[in-house]
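Accompanying notes for the structure given below.
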Amino acid sequence: METVEMNSVSLKRPRSEDDVASADEIKRQKILEKPKAGNDSGQSIETVTEQPEDMKSEIIPNEESEEQEEEELEGSDEDGDPESFADMMKHGLTESDVGITKFVSSHKGFSGILKERYSDFVVHEIGKDGRVSHLDDFSVPVDDEDPSEETFTVLSDEDKQRLEELQLFKNKETSVAIEVIEDTKEKRTIIHQAVKSLFPGLETKTEDRDGKKYIIAYHAAGKKALANPRKHSWPKSRGSYCHFVLYKENKDTMDAINVLSKFLRVKPNIFSYMGTKDKRAITVQEIAVLRITAQRLAHLNKCLMNFKLGNFSYKNHPLKLGELQGNHFTVVLRNITGTDEQIGQAMHSLREIGFINYYGMQRFGTTAVPTYQIGRAILQNNWNEVMDLILKPRPGAEKGYLVKCREEWAKTKDPAAALKKLPVKRCVEGQLLRGLLKYGMKNIISAFGIIPRNNRLMYIHSYQSYVWNNMVSKRIEEYGLRAVPGDLILKGATAVHIEEGDVDNYTIHDVVMPLPGFDVIYPKHKIGETYKEMLVADNLDINNMRHKIRDYSLSGAYRKIIIRPQNVNWEVVGYDDPKIPLFTTDLDKLEGKPLPVLPTDGKFRALKMEFSLPPSTYATMAIREVLKMDTSIKNQTQLNTTWLR
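Per full-length UniProt numbering, the sequence shown runs over residues 1 to 645.
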């Protein structure tokens, strides 16, 4: 069958004078927009470049991905005045700006609202053993070594404050004395246990002063004690790591870890996890922490909002980033317009064929300066442009202090003056300005190096993702949805080309495409040449992806071009109240909350869908395939997205 063509409408805004493309940009566009040769792929599934004209969908592209990249790269966030955020997004990116242009299914698109409530998007982590993480048990493992419950209440708030200051070396005191009221041996024992349990690094002794008993807390091992919890106080028979399930609402993983660290009075680096999870969602994942008892962790359930901890166990190992099979998503799309037939076609296609494994919009930032442009400048060794792209003023609303900082920078090029405009110095802009202040304007490389390594690498990873998205769109346009000679497939960890005689042994689900780097090979058909042409247009040499600075050398990687979700299920339900939850969470079940009673013929319809994805894939790209719509925040704000009101 031939590819089905559909009427389309471009959602891109007209360019302003400030947006006029450079010569390099024009060259790049010519490469990406070359007319395709005759398509003899014989594919029977359409690939659509733009969205149908009757499409008006609303979606917030924000889900779990392999890294916490997108949020950390931005100097501002979407919290605050909805109007200013909507205004900012008018100058953001659309999908076509980052190479996301194709669909693989033939159904007609329909509209729906994603994340009208953050509880409409639930993520359950899938461990390396294939087990899905659930919070279903608040009980604490029985352990004779654990202190009594009174340990957590015996110290006053004032005592805790003084002990924390002592523990963190925040004052000149070398010890803290706690008077024992109602003196008994049992009471003294509980205070000793409380200090040692709640303030790792402190030791205690009992002293008589003026006929009264005092517990004296002091540092036994100097400043190293805080970083290394006391080994001698941990039972040898118990695993060194307490593993638990963290249920969180509307918080990202690092925020959650920082909150737990603060309440436990420990450093965040004693926690480990397999993957970072989305903020605007309910997420359930496994966490491990070094030498903190389940009892102490369970006590946090009484004082933390939007968190619950449970399913405690002791093990001898931490968790490692990336050591998971993936994530299971439960998603509600509200106020859908599709017919039952459309929805059935869309979901069957998702189950049987899958979706294009694009890097989602959050990979590229949310402001008028895409992160991939900064990554490209780094790879070009153009450090003045790196500095300019991060610090220059940009169209659209940002937080007021960032606008003032950028204006000051544009006017004076004085890092000290610009830094004074920033109340928050931890953002990327603040870190770069501090670096410029320290190393001077002639040593931008060292100044940029002050930004944490992971954040710096996010920029070049964004550029790799930008190239990959564009090349995959060209590959699907050129050859459709079947494996062809010259494509790449993986045999173990090694990529090999498909030869003419073997092509019938593979399907599109076997095909991978490379992220550019010095340790990958490229397709043997014309898309291999298109890679080279795109990088030449960006003043980069595909055969020399090693950088003068080792950190910025790209080895490359391979990524499947089509992902077929597992465990796909769906249901269409009616509802009247937009605020009513449409399914029960783990916490609802633990608290005995009943299933919501839904009308048989509600005012609105919602699509409840479930599916599992491997790591490093974007759930919004799966939902995009179902709805056939642009997932960029820019497009959704133009559609007057509900959650911004």
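Every residue, glycine too, gets a C-beta built ideally from N, C-alpha and C.
**OP:** Mind checking who K491 pairs with in its DSSP beta bridge?
**Re:** Indexing the sequence shown from 1 puts residue 491 at position 491. Residue pairing from DSSP places K491 in a beta bridge opposite T494.
**OP:** Would you decide whether M361 is buried or exposed? Buried here means 16 or more other CB atoms lie within 10 Å of its CB.
**Re:** Numbered from 1 along the sequence shown, position 361 holds the residue referred to as residue 361. With at least 16 other beta carbons inside 10 angstroms of its own, M361 counts as buried.
**OP:** Determine the contact status of G602 and Y575, defining contact as a CB-CB distance below 8 Å.
**Re:** The count along the sequence shown starts at 1 and reaches residue 602 at position 602. The count along the sequence shown starts at 1 and reaches residue 575 at position 575. Against a cut-off of 8 Å, the Cβ pair of Y575 and G602 comes out as a contact.
**OP:** Give the C-beta separation of P415 and L402 to the nearest angstrom, bearing in mind that I take them to be a contact with Cβ-Cβ under 8 Å.
**Re:** By one-based count along the sequence shown, residue 415 stands at place 415. By one-based count along the sequence shown, residue 402 stands at place 402. Between L402 and P415 the Cβ distance is about 15 Å, and since that is not below 8 Å, they are no contact.
Original post:
Would the region 113-132 and the region 275-284 be scored as touching if the rule is three or more Cβ pairs under 8 Å?
Top reply: The region 113-132 vs the region 275-284: in contact.
Original post:
Which of helix, strand or coil does DSSP assign to C242?
Top reply: The residue labelled residue 242 in the question sits at position 242 within the sequence shown. Correct three-state label for C242: strand.
Original post:
Whose C-beta lies closer than 8 Å to the C-beta of L422 among residues of the same chain, with five residues either side of it excluded?
Top reply: Numbered from its first residue, the sequence shown carries residue 422 at position 422. Counting only Cβ-Cβ distances below 8 Å, and skipping sequence neighbours, we find Y401, L402, C405, E429, G430 and L433.
Original post:
In three-state terms, what does DSSP make of residue 646?
Top reply: This structure leaves residue 646 out entirely; the chain is present only between 1 and 645.
Original post:
What's the gap between the Cα of I542 and the Cα of M471?
Top reply: By 1-based counting over the sequence shown, the position of residue 542 is 542. By 1-based counting over the sequence shown, the position of residue 471 is 471. Roughly 14 Å separates the two Cα atoms.
Original post:
From H243 to K160, what does the alpha carbon distance come to, in whole angstroms?
Top reply: Translated into positions along the sequence shown, residue 243 becomes position 243. Translated into positions along the sequence shown, residue 160 becomes position 160. Taking the straight line from one Cα to the other gives about 26 Å.
Subject >> Inter-residue spacing [alpha-carbon to alpha-carbon] between L627 and F138 >> reply: In the sequence shown, counting from the first residue as 1, residue 627 sits at position 627. In the sequence shown, counting from the first residue as 1, residue 138 sits at position 138. Inter-residue distance for L627 and F138 is about 39 Å (C-alpha atoms, whole angstroms).
Subject >> Which listed residue (G275, A606 and L350) has its alpha carbon closest to that of K320 >> reply: As a working note, residue 320 is residue 320 in the sequence shown. Comparing Cα positions, the closest option is G275.
Subject >> Cutoff 7 Å; reference N374; Cβ partners in own chain excluding five residues on either side >> reply: Position 374 of the sequence shown, counting from 1, holds the residue named residue 374. With the sequence shown as reference, residue 374 is identified as Ile, and Asn is not the correct amino acid for it. Same-chain partners within the cutoff: V386, L389, I390 and Y459.
**OP:** State buried or exposed for R334, treating a residue as buried only when at least 16 other CB atoms are found within 10 Å of its CB.
**Re:** Here residue 334 refers to the residue found at position 334 of the sequence shown. Sixteen is the threshold: when 16 or more other Cβ atoms of the shown chains lie within 10 Å of the Cβ of R334, as they do, the residue is buried.
Original post:
By a C-beta neighbour count over all protein chains shown, 10 Å radius and 16 as the cutoff for buried, is N454 buried or exposed?
Top reply: Position 454 of the sequence shown holds residue 454. Around the beta carbon of N454, a 10 Å sphere encloses fewer than 16 other beta carbons of the protein chains shown; the residue is thus reported as exposed.
Subject >> S175, DSSP secondary structure in three states >> reply: Within the sequence shown, numbered from 1, the residue matching residue 175 stands at position 175. Of the three classes helix, strand and coil, the one that applies to S175 here is strand, per DSSP.
**OP:** Pull up the DSSP beta-bridge partners for S272, would you.
**Re:** As a first step, residue 272 must be located in the sequence shown, where it is residue number 272. Its beta-bridge partners are A288.
Subject >> Check whether F312 and V140 have beta carbons under 8 Å apart >> reply: The count along the sequence shown starts at 1 and reaches residue 312 at position 312. The count along the sequence shown starts at 1 and reaches residue 140 at position 140. For F312 and V140, yes; Cβs fall inside 8 Å.
**OP:** Using alpha carbons as the reference points, say which of G338, T494, I489 and L379 lies closest to R464.
**Re:** Within the sequence shown, the letter at position 464 stands for residue 464. In the sequence under discussion, the amino acid at residue 464 is Gln, which differs from the Arg named in the question. Nearest of G338, T494, I489 and L379 to Q464, Cα basis: L379.
**OP:** Please classify residue 653: does DSSP put it in a helix, a strand, or coil?
**Re:** This structure leaves residue 653 out entirely; the chain is present only between 1 and 645.
Subject >> Beta-carbon proximity list for P599, same chain, < 8 Å, skipping 5 on both sides >> reply: What you label residue 599 is simply residue 599 of the sequence shown in a count that begins at 1. Once the five neighbours on either side are set aside, the close Cβ partners of P599 are G574, Y575 and D576.
Original post:
How many Å lie between V597 and K251 at the Cα?
Top reply: The residue given as residue 597 occupies position 597 in the sequence shown. The residue given as residue 251 occupies position 251 in the sequence shown. Roughly 28 Å between the two C-alpha positions.
Original post:
Taking one C-beta from the region 498-507 and one from the region 477-486 each time, how about it: are there three or more such pairs within less than 8 Å?
Top reply: Three or more beta-carbon pairs separated by less than 8 Å link the region 498-507 to the region 477-486, which places the two stretches in contact.
**OP:** Work out the CA separation of T206 and T189 for me, nearest whole Å.
**Re:** Sequence index remark: in the sequence shown, residue 189 carries index 189 (1-based). Sequence index remark: in the sequence shown, residue 206 carries index 206 (1-based). T206 has its alpha-carbon roughly 10 Å from the corresponding atom of T189.
**OP:** Report the partner residues of E207 according to the DSSP bridge assignment.
**Re:** Position 207 of the sequence shown, counted from the first residue, corresponds to residue 207. Answer is Y214.
Original post:
Do you know offhand how far V259's Cα is from P578's?
Top reply: For the purposes of this step, residue 259 is taken as residue 259 along the sequence shown, with counting starting at 1. For the purposes of this step, residue 578 is taken as residue 578 along the sequence shown, with counting starting at 1. Approximately 31 Å, taken between the alpha carbons.
Original post:
Applying the criterion that 16 or more other CB atoms from any shown protein chain within 10 Å of the CB defines a buried residue, is S105 buried or exposed?
Top reply: Along the sequence shown, read from residue 1 onward, the residue named residue 105 stands at position 105. The residue is buried, with at least 16 neighbouring Cβ atoms inside 10 Å.
Original post:
Taking DSSP as the reference, what is the three-state secondary structure of Y552?
Top reply: In the sequence shown, residue 552 corresponds to position 552, counting from 1. In this structure, Y552 counts as helix in the three-state DSSP scheme.
Subject >> Spatial distance of Y618 from K267 (CA atoms) >> reply: Residue numbering aside, residue 618 sits at position 618 when the sequence shown is read from its first letter. Residue numbering aside, residue 267 sits at position 267 when the sequence shown is read from its first letter. Between the alpha carbons of Y618 and K267 lies a gap of roughly 31 Å.
Original post:
Cα separation between I60 and I476?
Top reply: Walking along the sequence shown from the start, residue 60 turns up at place 60. Walking along the sequence shown from the start, residue 476 turns up at place 476. With a pLDDT of 32 at I60, under the threshold of 50, the modelled position of this residue cannot be trusted; read the value that follows with caution. Whole-angstrom Cα-Cα distance: 26 Å.
**OP:** Taking F307 and K248 to be in contact with their CB atoms under 8 Å, please state how far apart those CB atoms are, rounded to whole angstroms.
**Re:** The residue you call residue 307 lines up with position 307 of the sequence shown. The residue you call residue 248 lines up with position 248 of the sequence shown. Right, their Cβ atoms sit about 5 Å apart.
**OP:** Measure the C-alpha to C-alpha separation of E95 and S237 and round it to an integer number of angstroms.
**Re:** By 1-based counting over the sequence shown, the position of residue 95 is 95. By 1-based counting over the sequence shown, the position of residue 237 is 237. Across the structure, E95 and S237 are spaced so that their CA atoms are roughly 54 Å apart.
Original post:
Quick one: what's got a C-beta closer than 8 Å to L436's C-beta in the same chain, skipping five residues either side?
Top reply: The sequence position of residue 436 within the sequence shown is 436, counting from 1. The beta carbon of L436 sits closer than 8 Å to the beta carbons of M387, P415, I444 and A447 from its chain, once the five residues preceding and following it are set aside; these are given in chain order.
Subject >> Contained beta strand (DSSP E) runs [length at least 3] in the region 569-632, N- to C-terminal order >> reply: Taking only runs of at least 3 residues, the beta strand (DSSP E) segments lying wholly in the region 569-632 are 604-613.
Original post:
Where does the unbroken beta strand (DSSP E) through L481 begin, and where does it stop?
Top reply: Position 481 of the sequence shown, counting from 1, holds the residue named residue 481. Per DSSP, L481 belongs to no beta strand (DSSP E) and is neither H nor E.
Original post:
Does the beta-carbon distance from I178 to I215 come in below 8 Å?
Top reply: Taking the first residue of the sequence shown as position 1, residue 178 is located at position 178. Taking the first residue of the sequence shown as position 1, residue 215 is located at position 215. Yes, these two residues count as a Cβ contact at 8 Å.
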